[in-house]
Every structure is written in C-alpha cells, then in structure tokens.
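Scroll down for the structure; my scribbles are underneath it.
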Amino acid sequence: MPFTLPPLPYAMDALEPHMSKRTLEFHYGKHHQAYLDNMNKQIAGSELEAKTLEGVVLSSWNNGSPTPVFNNAAQVWNHTFFWENMKPNGGGAPSGKLADAINASFGSLDEFKAQFKNAGATQFGSGWAWLVADKAGKLTVEKTPNAVTPLVEGKTPILTMDVWEHAYYLDVQNRRPDYMNTFVEKLIDWEAVAKRFEVATA
Amino acid sequence: MELHYGTHYAGYVKNLNAGLTDATASGLKLPATDLTGLIRSVKSLPAQLNTTVRNQGGGAWNHALYFKHLAPPASPSVQAAAISPQLKAAITLSFRTVENVTAELTAAAGKVFGSGWAWLCYTGNSGVPLAITTTPNQDNPLMGNLPGAPAVKLAGCTPILGIDVWEHAYYLKHGPKRPEYLADFWKVLSWQAVSANYAAALAGNVAAMVA
Numbered sequence: 001m002p003f004t005l006p007p008l009p010y011a012m013d014a015l016e017p018h019m020s021k022r023t024l025e026f027h028y029g030k031h032h033q034a035y036l037d038n039m040n041k042q043i044a045g046s047e048l049e050a051k052t053l054e055g056v057v058l059s060s061w062n063n064g065s066p067t068p069v070f071n072n073a074a075q076v077w078n079h080t081f082f083w084e085n086m087k088p089n090g091g092g093a094p095s096g097k098l099a100d101a102i103n104a105s106f107g108s109l110d111e112f113k114a115q116f117k118n119a120g121a122t123q124f125g126s127g128w129a130w131l132v133a134d135k136a137g138k139l140t141v142e143k144t145p146n147a148v149t150p151l152v153e154g155k156t157p158i159l160t161m162d163v164w165e166h167a168y169y170l171d172v173q174n175r176r177p178d179y180m181n182t183f184v185e186k187l188i189d190w191e192a193v194a195k196r197f198e199v200a201t202a
Numbered sequence: 001m002e003l004h005y006g007t008h009y010a011g012y013v014k015n016l017n018a019g020l021t022d023a024t025a026s027g028l029k030l031p032a033t034d035l036t037g038l039i040r041s042v043k044s045l046p047a048q049l050n051t052t053v054r055n056q057g058g059g060a061w062n063h064a065l066y067f068k069h070l071a072p073p074a075s076p077s078v079q080a081a082a083i084s085p086q087l088k089a090a091i092t093l094s095f096r097t098v099e100n101v102t103a104e105l106t107a108a109a110g111k112v113f114g115s116g117w118a119w120l121c122y123t124g125n126s127g128v129p130l131a132i133t134t135t136p137n138q139d140n141p142l143m144g145n146l147p148g149a150p151a152v153k154l155a156g157c158t159p160i161l162g163i164d165v166w167e168h169a170y171y172l173k174h175g176p177k178r179p180e181y182l183a184d185f186w187k188v189l190s191w192q193a194v195s196a197n198y199a200a201a202l203a204g205n206v207a208a209m210v211a
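First to last, the protein sequences are chains E and X. Under full-length UniProt numbering, the first sequence has 61 at position 61, and the numbering climbs by one with no breaks. Under full-length UniProt numbering, the second sequence has 36 at position 36, and the numbering climbs by one with no breaks.
Shown next, in the form of structure tokens:
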C-alpha cells in the first residue's frame, strides 16, 4: 500500500503573517508531496511497503550507508513532524515538566532558544535543527544536514525547525536568522512539544 | 540576481575576509594569498580557518566563476557558435556533442540532493579532457577529497562551468521547479566565457577564471 501524506494540521494561510500561504503551498504541496511520491515509486513492490514510515527511514538509513530511498523517506517523516510542531498563534513559553526540563538542561528558556537558533544558523547548506529528549528527560540541541534525522541515532526528537532555504526563502529570502526568530517566537506549538516530551520520558 | 550577487555572494566574500583577518591577526601564516590557492590548500589549514575557507571561500570562488560565465540571453556569447574550436574538440572527445554535455550536466544538476553544485571539469586527461561531477554545499573539486566528506568523483579536477543548485539560485523565480531553472540556465550561459575558462585551465592559470 503506498504511503499518503497526513493533511496539514491547519489551513495553508493559518500561519500568516509568520509563514506565508505561498510558502506552505510550495513547501507542503510541492516539496513534501514530491518526497512522498518519489518514495512511493522507489518502494513499490518491495518489502518496505509493509513497514511503518519510521521503519522505512531506519531500514533505508542502512547503518550510515543510506540507500536512495532514505532521502525521500526521511524528508517525508521530517516534514510531517515539522508541521505538527507549529500552530497559528504559536510561540509563548512551555510549562510544566517540559519547562522544568528546559531549565534543567539549558539553564533557561532564553539559553535554549539561543542554542537552538545557533544550531540552525550553523547548519551550512540544507538541514534541520532539533531538540532531542532522552528517557531521563535530559534535553539536547542537535543539527543535521539534508534529510538526516536524530531517529537514525536511536534518539527521540521533540521539536524540529527546517533550515532548507525553501522553508524561508519566499518570506525572508536569505535572512535565515529572521525566519528562526519568527519560528521560535511565533510558531512553535509548545503543547505538541510537551506531548512528545511526555511520550519520550514515559 | 540582486539577492544572489548582492547578498549571498557578497556575504561569502565578507565572511571569508573576516575569517582571514582574524586568522592572520593571531599570527597564522597563510599557505596562499589568492583565492584559488586558498581553496586548493583548504585541507592543510587549521580547523577553524579550514571551515571558513571551505564554506565562505568556496562560496566566493564558486560564485565568482558562476556570475562570470553568465550573459544576457540576447548576447552572441550564449550561442553554441561561441564555443571555441579548442573547447569544441574537447566536448567532441568527451561527450560527442554539445547536446550531450548539456543534457548530462542538466541531469547531474537535477540529481543533487540538498545544496550544491554541478560542474563541467577539465580532467587533465588528453583522451577524455572533460567530465562531470557534483559537490555538496560550497565545496569545489579543487579542494580535493575532504576528510569526513564523501569522496568526490574527479576530486582535484578544474571546474570550467558551474551550475548552482542551492535553492537560493532559483527559488524566487521558479519556486521548487529546479528543472525549469536548469532550462533557463542554458539561455544565459556564456559559452565564450566557458571557452576562456577551458583555455585558462589548459594553461594552468585557474585563478584567471575567477579574477
């Protein structure tokens, strides 16, 4: 059975003015869709079709010698994760156990934000910035190139930010720092992140 | 063009200069003082400067080559007739026809995943003087194979034509449609400049390509 894309959790224009409708039309409607269509073509008729998407990602990672399926499968997974951790009128601050964990791991929310944005800024070329949780609730910021995801290291991400140019070029052109500020201050769905944190530390 | 030349390219030059100033201020002696020499010697540089020269210096070199070999679509230099006899002979030996080399370069550029470049390179091999390779991010075949990075096909070859496939090269005009950008690219590619690059490569004067 071919995989399908979950619908966007919100309307294409719902994240305006922070992320434009045009960006989402391209980013979800073209980029994410193309990764999915290409992955489906690549795995058609193979045993990968019977796996979960995560299973396809891990299998095609092939212990660090990724097959051609990996780039597409991982990008399908990464983008679904990305949409899910944004919401209209997002931003603000986390609360409860997640807030405590951020303070414990980084010292403060501001320090976490600085490290997260630094990861995004220093991922040269295309890639992703991540917040990762271990079972004990320790949080770390990571960055990955292209399609790579902390999943392949057996880690549990709870937040991600796409820093491929297509994520921000229509809205702020080369100004990746402006995009990252907007993402952190106006787009993050901290409740979604908290839920992932709960699952990660269960 | 305004953003690509005025901001991205300019940014690479600015950041490279800042990095070199910092390094030499702390007493480091550079193995070369021209951009091409620095690119070739990136592997020998200490860690911090190595990354700056690779990313920012690579960006500066690559974009210098790129913009130098573009021309207005009405210019005679973008016509196949502008290909020098020397370059034509090399294309014939290596690809048989101009159509073949542009098709293969287009295909290579289309396959690059993430940010990077597709290159037509002078191999130094008189039997097959030209070949195609790709590099990620702002890497460049002149850098050779870099530690920790996947091996580059034809590492060390001399690029004479480069196609930028970072999304910033095409996103404002074409959105995600890289194939349409590639089709447009050939309409503004100056074969006259590429011919000059080939002559420079043969003469061992790589720096002239980005001067």
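By construction, the Cβ of each residue, glycine as well, lies at the ideal position given by its N, Cα and C atoms.
Output yes or no for whether 8 angstroms exceeds the beta carbon distance between residue i and residue j.
i                     : j                : result
Ala68 (chain X)       : Ala208 (chain X) : One point to set straight first is that residue 68 (chain X) is Lys, not Ala, in the sequence displayed. For Lys68 (chain X) and Ala208 (chain X), no; Cβs fall outside 8 angstroms.
Ala118 (chain X)      : Trp191 (chain X) : no
Trp164 (chain E)      : Lys143 (chain E) : no
Tyr169 (chain E)      : Leu87 (chain X)  : no
Val206 (chain X)      : Thr133 (chain X) : no
Pro9 (chain E)        : Phe81 (chain E)  : no
Ala119 (chain E)      : Arg176 (chain E) : no
Asn85 (chain E)       : Asp189 (chain E) : yes
Trp166 (chain X)      : Ser115 (chain X) : yes
Asn71 (chain E)       : Ala167 (chain E) : no
residue 213 (chain X) : Val210 (chain X) : Residue 213 (chain X) cannot be examined here, being either before or after the span of chain X that is shown, 1 to 211.
Trp186 (chain X)      : Thr102 (chain X) : yes
Gly137 (chain E)      : Asn137 (chain X) : no
Asn89 (chain E)       : Thr160 (chain E) : no
Phe26 (chain E)       : Gly175 (chain X) : yes
Val78 (chain X)       : Leu189 (chain X) : yes
Gly58 (chain X)       : Asp139 (chain X) : yes
Which one of the options has the shortest CA to CA distance from residue i?
i                : options                                : result
Ala200 (chain X) : X:His4, X:Lys14, X:Val165, X:Ile160    : X:Ile160
Leu58 (chain E)  : E:Leu131, E:Lys143, E:Glu153, E:Ala129 : E:Glu153
Lys29 (chain X)  : X:Leu49, X:Trp186, X:Asn55, X:Ile163   : X:Leu49
Gly152 (chain X) : X:Gln79, X:Thr102, X:Thr135, X:His168  : A small correction: the amino acid at residue 152 (chain X) is Val; Gly does not occupy that position in the sequence shown. Looking at the Cα atoms, X:Thr135 is the closest of the given residues.
Ala11 (chain E)  : E:Met1, E:Thr23, E:Phe3, E:Thr4        : E:Thr23
His31 (chain E)  : X:Phe185, X:Ala169, X:Lys177, X:Ala131 : X:Lys177
Gly64 (chain E)  : X:Gly148, X:Asp184, X:Ala155           : X:Gly148
Leu142 (chain X) : X:Leu120, X:Ser126, X:Pro179           : X:Leu120
Ala74 (chain E)  : E:Ala133, E:Phe26, E:Pro145            : E:Pro145
Pro6 (chain E)   : E:Gly29, E:Pro150, E:Ala147, E:Glu47   : E:Gly29
Leu70 (chain X)  : X:Ala108, X:Leu20, X:Pro129, X:Asn197  : X:Asn197
Ala192 (chain E) : E:Ala93, E:Ala167, E:Ser108, E:Ser126  : E:Ala93
Thr67 (chain E)  : E:Asn174, E:Val172, E:Phe197, E:Met39  : E:Met39
Val76 (chain E)  : E:Gln173, E:Asp162, E:Asp134           : E:Asp162
Lys150 (chain E) : E:Ala194, E:Leu131, E:Asn89            : A quick correction: the sequence has Pro, not Lys, at residue 150 (chain E). Here the closest residue by C-alpha is E:Leu131.
Asn181 (chain E) : E:Ser60, E:Phe116, E:Lys41             : E:Phe116
Ala131 (chain X) : X:Gly162, X:Ser26, X:Glu2              : X:Gly162
Leu202 (chain X) : X:Val210, X:Gly124, X:Gly144           : X:Gly124
Ala202 (chain E) : E:Leu98, E:Val141, E:Gly125            : E:Leu98
Gly127 (chain X) : X:Ala90, X:Gly144, X:Gly27, X:Asn140   : X:Ala90
Lys87 (chain E)  : E:Lys138, E:Leu109, E:Lys186, E:Asp178 : E:Lys186
Arg96 (chain X)  : X:Pro129, X:Leu65, X:Ser75             : X:Pro129
Pro31 (chain X)  : X:Pro46, X:Asp22, X:Glu2, X:Gly204     : X:Pro46
Met19 (chain E)  : E:Ala34, E:Val141, E:Gln173            : E:Gln173
Lys43 (chain X)  : X:Gly156, X:Gly6, X:Gly27, X:Val78     : X:Gly156
Pro73 (chain X)  : X:Ala183, X:Gly204, X:Ser195           : X:Ala183
With DSSP as the reference, please indicate the residues paired to residue i in a beta bridge.
i                : result
Trp128 (chain E) : E:Thr144, E:Asp162
Ile188 (chain E) : E:Met86
Pro159 (chain X) : X:Cys121
Leu139 (chain E) : E:Ala133
Leu189 (chain X) : X:Leu70
Asp164 (chain X) : X:Trp117
Thr156 (chain E) : E:Ala133
Let me check you understand the geometry: is the CB of residue i closer than 7 angstroms to at least one non-hydrogen atom of the ligand FMN?
i                : result
His166 (chain E) : Although the ligand FMN was asked about, the structure shown includes no ligands whatsoever.
Open item on the list: Closer than 8 angstroms between beta carbons: that is the criterion. Which residues of the stretch 157-178 of chain E meet it against chain X?
Closed with: For the stretch 157-178 of chain E, which is checked against every Cβ of chain X, the residues closer than 8 angstroms are Trp164, Glu165, His166, Tyr169, Leu170, Gln173, Asn174.
TODO: Can you check the stretch 5-33 of chain E for any beta strand (DSSP E) of at least 3 residues that lies completely inside it and give the ranges in chain order?
DONE: The qualifying runs do not exist here; there are none.
TODO: Return the residues of the stretch 104-126 of chain X that lie within a Cβ-Cβ distance of less than 9 angstroms from chain E, sorted by chain order.
DONE: Within the stretch 104-126 of chain X, the residues whose Cβ lies closer than 9 angstroms to some Cβ of chain E are Phe113, Gly114, Ser115, Gly116, listed in chain order.
- [ ] With a floor of 3 residues, list each beta strand (DSSP E) that falls wholly inside the stretch 63-150 of chain X, ordered by position along the chain.
- [x] Restricted to the stretch 63-150 of chain X, the beta strand (DSSP E) segments that are unbroken, complete and at least 3 residues in length are 116-122, 130-136, listed in chain order.
TODO: Output, in sequence order along the chain, the residues in the stretch 138-155 of chain E whose CB is closer than 8 angstroms to any CB in chain X.
DONE: Cβ contacts with chain X: Pro145, Asn146, Ala147.
Open item on the list: Counting only Cβ-Cβ distances shorter than 9 angstroms, please list the residues of the stretch 170-185 of chain X near chain E, keeping chain order.
Closed with: Listed by position along the chain: Tyr171, Leu172, Gly175, Pro176, Lys177.
Task: Residues of the stretch 31-45 of chain E whose Cβ lies closer than 9 angstroms to any Cβ of chain X, in chain order - done: So the list reads His31, Ala34, given in the order they occur along the chain.
Open item on the list: Taking beta-carbon pairs under 7 angstroms, can you tell me which members of the stretch 1-13 of chain X lie near chain E?
Closed with: Answer in chain order: Leu3, Thr7, His8.
Task: Residue ranges of each alpha helix (DSSP H) within the stretch 1-41 of chain X, 4 or longer - done: Within the stretch 1-41 of chain X, the complete alpha helix (DSSP H) runs of at least 4 residues are 10-25, 35-40.
Open item on the list: Against chain E, which members of the stretch 125-156 of chain X pass a CB distance test of less than 8 angstroms?
Closed with: If you check each beta-carbon in the stretch 125-156 of chain X against every beta-carbon of chain E, the ones closer than 8 angstroms belong to Pro136, Asn137, Gln138.
- [ ] Taking only beta carbons into account, state which residues of the stretch 45-63 of chain X come closer than 8 angstroms to chain E, listed in chain order.
- [x] If the cut-off is 8 angstroms between Cβ atoms, the stretch 45-63 of chain X has Asn55 near chain E.
- [ ] Could you list the residues in the stretch 84-99 of chain E with a C-beta less than 8 angstroms from some C-beta on chain X, going in chain order?
- [x] Cβ contacts with chain X: none found.
- [ ] Identify each residue in the stretch 7-28 of chain E for which the Cβ-Cβ distance to at least one residue of chain X is less than 7 angstroms, and report them in chain order.
- [x] If the cut-off is 7 angstroms between Cβ atoms, the stretch 7-28 of chain E has Phe26 near chain X.
TODO: Give, in chain order, every residue of the stretch 108-133 of chain E whose Cβ lies closer than 7 angstroms to some Cβ of chain X.
DONE: Answer set for the stretch 108-133 of chain E: Phe124, Gly125, Ser126.
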